[in-house]
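Visitor: Below you will find the structure I want to go over with you.
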Amino acid sequence: MPAASLTVLYFAWVKEKVGLGAEAVSPPASVATVSDLIDWLAGRSPGHAAAFADRKLIKAAVDQVHAPLSSKLGDAREVAFFPPVTGG
Amino acid sequence: MPAASLTVLYFAWVKEKVGLGAEAVSPPASVATVSDLIDWLAGRSPGHAAAFADRKLIKAAVDQVHAPLSSKLGDAREVAFFPPVTGG
Amino acid sequence: MATIRVQREAFDPGAEINGFCTRNPTSGGIATFIGQMRDFRGESRNDGEVVTAMTLEHYPGMAESQLAELVKEASGRWPLDDALVIHRIGSLVPGEAIVLAAVAATHRGDAFAACAFLMDWLKTRAPFWKKEATETGACWVEAREADEDQAAKWKR
Amino acid sequence: MATIRVQREAFDPGAEINGFCTRNPTSGGIATFIGQMRDFRGESRNDGEVVTAMTLEHYPGMAESQLAELVKEASGRWPLDDALVIHRIGSLVPGEAIVLAAVAATHRGDAFAACAFLMDWLKTRAPFWKKEATETGACWVEAREADEDQAAKWKR
Numbered sequence: 004m005p006a007a008s009l010t011v012l013y014f015a016w017v018k019e020k021v022g023l024g025a026e027a028v029s030p031p032a033s034v035a036t037v038s039d040l041i042d043w044l045a046g047r048s049p050g051h052a053a054a055f056a057d058r059k060l061i062k063a064a065v066d067q068v069h070a071p072l073s074s075k076l077g078d079a080r081e082v083a084f085f086p087p088v089t090g091g
Numbered sequence: 004m005p006a007a008s009l010t011v012l013y014f015a016w017v018k019e020k021v022g023l024g025a026e027a028v029s030p031p032a033s034v035a036t037v038s039d040l041i042d043w044l045a046g047r048s049p050g051h052a053a054a055f056a057d058r059k060l061i062k063a064a065v066d067q068v069h070a071p072l073s074s075k076l077g078d079a080r081e082v083a084f085f086p087p088v089t090g091g
Numbered sequence: 022m023a024t025i026r027v028q029r030e031a032f033d034p035g036a037e038i039n040g041f042c043t044r045n046p047t048s049g050g051i052a053t054f055i056g057q058m059r060d061f062r063g064e065s066r067n068d069g070e071v072v073t074a075m076t077l078e079h080y081p082g083m084a085e086s087q088l089a090e091l092v093k094e095a096s097g098r099w100p101l102d103d104a105l106v107i108h109r110i111g112s113l114v115p116g117e118a119i120v121l122a123a124v125a126a127t128h129r130g131d132a133f134a135a136c137a138f139l140m141d142w143l144k145t146r147a148p149f150w151k152k153e154a155t156e157t158g159a160c161w162v163e164a165r166e167a168d169e170d171q172a173a174k175w176k177r
Numbered sequence: 022m023a024t025i026r027v028q029r030e031a032f033d034p035g036a037e038i039n040g041f042c043t044r045n046p047t048s049g050g051i052a053t054f055i056g057q058m059r060d061f062r063g064e065s066r067n068d069g070e071v072v073t074a075m076t077l078e079h080y081p082g083m084a085e086s087q088l089a090e091l092v093k094e095a096s097g098r099w100p101l102d103d104a105l106v107i108h109r110i111g112s113l114v115p116g117e118a119i120v121l122a123a124v125a126a127t128h129r130g131d132a133f134a135a136c137a138f139l140m141d142w143l144k145t146r147a148p149f150w151k152k153e154a155t156e157t158g159a160c161w162v163e164a165r166e167a168d169e170d171q172a173a174k175w176k177r
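Chains as they are written, first to last, in this note's numbering: chain A, 4 to 91; chain B, 4 to 91; chain C, 22 to 177; chain D, 22 to 177.
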């Protein structure tokens, strides 16, 4: 079974460190949670590793809804990573 | 000793019942508090009596500062009577 | 700091707020409140009588000094950059602004609290009285007990 | 009801507030908040670096849906007549409005509470990120712990 394609988005300094704003990835079936996805993404490049070095600073959204890093990915189609928001 | 002259002001329905907005009065020395002044003013006309019939509805200011009816008049120069305020 | 105006002329809330913002460019947060004249009496348009006009009476001198007093009290309670209160008197028609309160501060929490405080105290302490005209006659608006409760909340 | 706008163009807070008032003539109370871009970093102009420009990044789609979600939550908590939230993205210069929140209600207590709630939740939930440019370079603004505390106040 081919791994499903997932859109991963990065914002603010996470985007700057990763070096791109979006990528389509196909993580292995063992990647079940947002946290697993971070572990897996961190291995893709030194930029990814730098962005995810301190995950206390990382927030995530699954299909555009805020999600704790422990959230299951399920059949998510879009996962975003970003620092705590600073709008308003 | 002649009684000191005091300006008494009326607002809103108190003014309408009394029939005038301001008057200069010279209450006797026995009028020591705002409450005493109400008693004394109430005897001046049927309009005054009607205005002060239910003093639970009456608020007062002495020299433009809110004052409970028990306040001493002291050397006040201006006393105002009005219903609870409804601005804003 | 602080501007207090009691005036017969209608005012433009948006223009006043823009002017206030421009005068306070270094304030991160501006909280404002606009009280509008409604065209009905009571809680909703359905159960209230239609109000066609309003007259606002005030105690000249004390109205201004009480508003200044409220602003002074607010400034003592919260770190504010500036405050503005405009209150209409005389004849108003539905849709017109009766009152505008604006507060500028570094932090939005202070701006919100001070603006709400100003309005709560204004409602129970500033000597203004509303008379509403309806088809069946004119009637002085009665003070709301809820206003006393809201003002009491800030006592200390 | 409710208007949510996320836009690159500058907006006129006063004109927006006047339009909001006009659209809600039967609302007795309109509470608003304007967040302005300051020209310094930190708590005061004296101890902070001069900020010359700001860039606001957002998460397209989620920014709008989160703002709509906040307004929906506010409407469930307080009886509101209408709400408006405008948030800038892209490049801003000092003095410009970053955000406007406006709430219309029959009672001012509801309008104030809902407006403060909207801002507190917006600050911690709406996906926007500020980057400030100073003479020494550009820097992402860090989230303030106080914002988390203020947002937590509304949890239930």
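Even glycine gets a Cβ: it sits at the ideal position worked out from N, Cα and C.
1. Can you list, in chain order, the residues of its chain whose CB lies under 6 angstroms from that of W142 (chain D), leaving out five sequence neighbours each side?
2. Would you kindly check if the distance between the Cβ of I38 (chain C) and the Cβ of A123 (chain C) is under 8 angstroms?
3. Could you check whether L76 (chain A) and A35 (chain A) sit closer than 8 angstroms to each other, using their CB atoms as the reference points?
4. State the DSSP-derived secondary structure class of S112 (chain C), mapped to helix, strand or coil.
5. Under 7 angstroms: does the beta carbon of D57 (chain A) sit that close to some heavy atom of the ligand ZN?
6. Check this for me: beta carbons of I25 (chain C) and A132 (chain C), under 8 angstroms apart or not?
7. Assuming C42 (chain C) contacts I110 (chain D) under a Cβ cut-off of 8 angstroms, what Cβ separation, rounded to an integer in Å, is found between them?
8. Straight-line CA distance for W150 (chain C) to P31 (chain B)?
9. Mind checking M4 (chain A): buried by the 16 CB within 10 Å criterion, or exposed?
10. With DSSP run on the structure shown, which of helix, strand or coil describes H51 (chain A)?
11. Along the chain, which unbroken stretches of the alpha helix (DSSP H) at least 4 residues long are found entirely within the stretch 51-121 of chain D?
12. Using three-state DSSP, classify F32 (chain C) as helix, strand or coil.
13. Using a Cβ-Cβ cut-off of less than 7 angstroms, give me the residues of the stretch 92-115 of chain D that come near chain A, in sequence order.
14. What does DSSP give as the partner residue(s) for G158 (chain D) in the beta ladder?
15. Can you tell which of A:D78, A:S74, A:S73 and A:K62 has the C-alpha that lies nearest to the C-alpha of Y13 (chain A)?
16. At which residues does the alpha helix (DSSP H) containing K18 (chain B) begin and terminate?
17. Can you confirm whether A36 (chain C), when its beta carbon is compared against all beta carbons of chain D, has any partner nearer than 8 angstroms?
18. Can you tell me which of the three DSSP states T10 (chain B) falls into?
19. Within the same chain, show all residues whose beta-carbon is closer than 6 angstroms to that of W161 (chain C), passing over the 5 residues directly before and after it, in chain order.
20. Please state whether DSSP places T36 (chain B) in a helix, a strand or coil.
21. For T47 (chain C), return the contacting residues in chain D, with the cut-off set at a CB-CB distance below 8 angstroms.
22. Just to confirm the assignment, what range does the alpha helix (DSSP H) spanning K174 (chain C) have?
23. Return yes when the Cβ of A64 (chain A) is within less than 8 angstroms of the Cβ of A56 (chain A), no when it is not.
Guide: In this structure, then:
1. By 1-based counting over the fourth sequence, the position of residue 142 (chain D) is 121. Within the same chain, W142 (chain D) has close Cβ partners L91 and A172.
2. Position 102 of the third sequence, counting from 1, holds the residue named residue 123 (chain C). Position 17 of the third sequence, counting from 1, holds the residue named residue 38 (chain C). Taking 8 angstroms as the cut-off, the Cβ atoms of A123 (chain C) and I38 (chain C) count as close.
3. Translated into positions along the first sequence, residue 35 (chain A) becomes position 32. Translated into positions along the first sequence, residue 76 (chain A) becomes position 73. Yes, the pair counts as a contact, with Cβ atoms nearer than the cut-off.
4. Working through the third sequence from its first residue, we reach residue 112 (chain C) at position 91. It is a strand residue.
5. Summarising the ligand content, the structure contains no ligands, and the ligand ZN is consequently not present.
6. Taking the third sequence and counting its residues from 1, one reaches residue 25 (chain C) at position 4. Taking the third sequence and counting its residues from 1, one reaches residue 132 (chain C) at position 111. No; because the gap between Cβ atoms is not below 8 angstroms, this pair is not in contact.
7. Position 21 of the third sequence, counted from the first residue, corresponds to residue 42 (chain C). Position 89 of the fourth sequence, counted from the first residue, corresponds to residue 110 (chain D). Between I110 (chain D) and C42 (chain C) the Cβ distance is about 20 angstroms, and since that is not below 8 angstroms, they are no contact.
8. Position 129 of the third sequence holds residue 150 (chain C). Position 28 of the second sequence holds residue 31 (chain B). The alpha-carbon atoms of W150 (chain C) and P31 (chain B) are separated by roughly 31 angstroms.
9. On the first sequence, residue 4 (chain A) is found 1 positions in, with the first residue counted as 1. In this predicted model, M4 (chain A) has a pLDDT of only 44, less than 50, meaning its place in the structure is not dependable; the value taken from the coordinates is given anyway. Classification of M4 (chain A): exposed, given that the 10 Å Cβ count is below 16.
10. By one-based count along the first sequence, residue 51 (chain A) stands at place 48. Residue state, collapsed to three classes: helix.
11. Correct list: 83-98.
12. Counted from its first residue, the third sequence places residue 32 (chain C) at position 11. F32 (chain C): coil per DSSP, three-state reduction.
13. H108
14. Within the fourth sequence, residue 158 (chain D) is the residue found at index 137, counting from 1. DSSP lists D:T155 as partners of G158 (chain D).
15. Here residue 13 (chain A) refers to the residue found at position 10 of the first sequence. Ranking A:D78, A:S74, A:S73 and A:K62 by Cα distance to Y13 (chain A) puts A:K62 first.
16. Counting from 1 along the second sequence, the entry for residue 18 (chain B) is found at position 15. First-last of the alpha helix (DSSP H) with K18 (chain B): A15 to V21.
17. Here the question's residue 36 (chain C) lines up with position 15 in the third sequence. With 8 angstroms as the cut-off, A36 (chain C) counts as an interface residue toward chain D.
18. Your numbering for residue 10 (chain B) matches position 7 in the second sequence. Strand at T10 (chain B).
19. The residue given as residue 161 (chain C) occupies position 140 in the third sequence. Cβ neighbours of W161 (chain C) beyond the five flanking positions: K152.
20. The sequence position of residue 36 (chain B) within the second sequence is 33, counting from 1. Per DSSP, reduced to three states, the secondary structure at T36 (chain B) is strand.
21. Here residue 47 (chain C) refers to the residue found at position 26 when the third sequence is read from its first residue. Here the neighbours are R59, D60, F61 and R66.
22. Here residue 174 (chain C) corresponds to residue number 153 of the third sequence, with the count starting at 1. Neither: K174 (chain C) is in no alpha helix (DSSP H) and is coded neither H nor E.
23. Counted from its first residue, the first sequence places residue 56 (chain A) at position 53. Counted from its first residue, the first sequence places residue 64 (chain A) at position 61. Result no, Cβ atoms of A56 (chain A) and A64 (chain A) do not sit closer than 8 angstroms.
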